[in-house]
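This report concerns only the one structure given below.
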Amino acid sequence: MTSSSRTFPALLVDHSGESSRREVVELSLEDLEAGEVTIEVEWSGLNYKDALAASKDGKVARISPLIPGIDLAGTVIASTSPEVRAGDVVLVHGYDLGVAHHGGFARIARVPAAWVVPLPAGLSAHDAMTIGTAGFTAALSVDALEVRGLRPGGGPILVTGATGGVGSIAVDILATRGYEVVASTGKPDAAQWLRDLGAVDVIGREEAADASRPLQRERWAGAVDCVGGSTLPYILSSLRYGAAVAASGNTGGMGVQTTVLPFILRGVALLGIDSVQCAIDRRREVWARIATDLRPRGLEALGSATVSLAEIPQALDALLQGAAQGRTLVELSR
Ligand SMILES: NC(=O)c1ccc[n+]([C@@H]2O[C@H](COP(=O)([O-])OP(=O)(O)OC[C@H]3O[C@@H](n4cnc5c(N)ncnc54)[C@H](OP(=O)(O)O)[C@@H]3O)[C@@H](O)[C@H]2O)c1
């Protein structure tokens, strides 16, 4: 078989019918879009956004049919770019990957060279996908809070959606850096797991969504929030004077109802976090930090679940229902 006639398995999602079709099919290289770099994918990972891309009502997929998968890591098998060579181990996430360009739920991917991050020393493809977009977003959040002046020893940091991908890695990174982390979760059974990741305390999801008063007791020295909804107003109302929240997600809802009081009476800041259009140079820098000073210490505990291509649809449905705990990886070589 010539390389151009090579076939490979992929999870293809088709939203053109009344309900979405999600099936594992055999594709050839001609089925992939143009791009300078062709990658044999070893690992991918599941994200909330993948669940949206694979669901008809998710409003995330911009092409159909689509191979979802906003994260991938593997080995370059062909490249026409001088910057990336065959044999390089790389990761790709963000930009159009898995939403408007075929993504990581396939054994082979082809992408523009400008999207490629060479894997930093000390991180395997498996480590990189345990971290994935979720961990990258957690790292961006911690970085943004520290640029604003946050330092360990300054008081408790709240992490919401703590058992999910972004939340669990934020708990780990912050605890590893010496912060006093309080995790908020809707899963009381996961409290010990969160403590093992480094949380000093665990509170219930409802407590972190009490937006009944515009100003509450000044409690948090900082916060990482991937929930939005009524959780973000609660956080704003209970940040300490001058503190900030890094906001990246909306699992608790898109609409946010708040008042200006936390901003004008306590000087708090709302820091928006975006991993998708983040410039490639910054992306490569933050990954270098993830391999070193922002490295989560509990990689094994975070990424213990693994699924095959065929098992992805069911795992994505569970993610949409908020049942995620840590990261679920996709092994493309099985
Ligand atoms: N801005 C960016 O660049 C960026 C990047 C990555 C992700 N995101 C966004 O960040 C969010 C989290 O992503 P993820 O990959 O970490 O998702 P995930 O693994 O599915 O985790 C989300 C967590 O949110 C909590 N949650 C779920 N439903 C909820 C509800 N109705 N109310 C309150 N909390 C709820 C759950 O944690 P508990 O049970 O522990 O409460 C769940 O585990 C998503 O909205 C995603 O789109 C944004």
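One point on numbering: in the numbering used here, the residue at position 301 of the sequence shown is 293, and numbering is uninterrupted. Where is the CB? At the ideal position from N, CA and C, for every residue including glycine. Given the structure is predicted, the values throughout are model-derived calculations rather than measurements.
- Relative to the Cα of Arg209, the nearest Cα in the group Val237, Pro254, Asp181 belongs to Pro254.
- Here the alpha carbon of Val5 sits roughly 15 angstroms from the alpha carbon of Ala307.
- In this structure, Gly318 and Ala293 form a Cβ contact; the two beta carbons are roughly 7 angstroms apart against a cut-off of 8 angstroms.
- Residue burial is scored here from C-beta neighbours: Met246 has fewer than 16 other C-beta atoms within 10 angstroms and is therefore classed as exposed.
- In this structure, Asp266 has its CB closer than 6 angstroms to one or more heavy atoms of ligand 1.
- When secondary structure is reduced to three states using DSSP, Val52 falls in the coil class, being assigned neither helix nor strand.
- Residue pairing by DSSP places Val5 opposite Arg14, Leu58 in a beta bridge.
- Counting only runs of 4 or more residues that sit fully inside the region 122 to 176, the alpha helix (DSSP H) segments are 157 to 168, in chain order.
- Of the heavy atoms belonging to ligand 1, none sits nearer than 6 angstroms to the Cβ of Ala307.
- Excluding its 5 nearest sequence neighbours in each direction, Ala120 has C-beta neighbours in its own chain below 7 angstroms: Ala65, Leu83, Leu111, listed in chain order.
- By the Cβ criterion, the region 176 to 187 is not in contact with the region 268 to 276, since fewer than three pairs of Cβ atoms, one from each stretch, lie closer than 8 angstroms.
- Look at His94 here: in three-state DSSP terms it is coil, with no helix or strand label.
- Under DSSP, Arg102 shares a beta bridge with Thr30.
- For Val278, the enclosing alpha helix (DSSP H) begins and ends at 272 to 282.
- For a cut-off of 8 angstroms, the C-beta gap from Ala238 to Ala136 is around 5 angstroms, short enough to register as a contact.
- Linking Ala162 to Glu138 through their CA atoms gives a straight-line distance of about 13 angstroms.
- Of all alpha-carbon atoms in Pro288, Ala215, Leu324, the one lying nearest the alpha-carbon of Leu115 is that of Pro288.
- Tyr233 and Asp23 have their C-alpha atoms roughly 54 angstroms apart.
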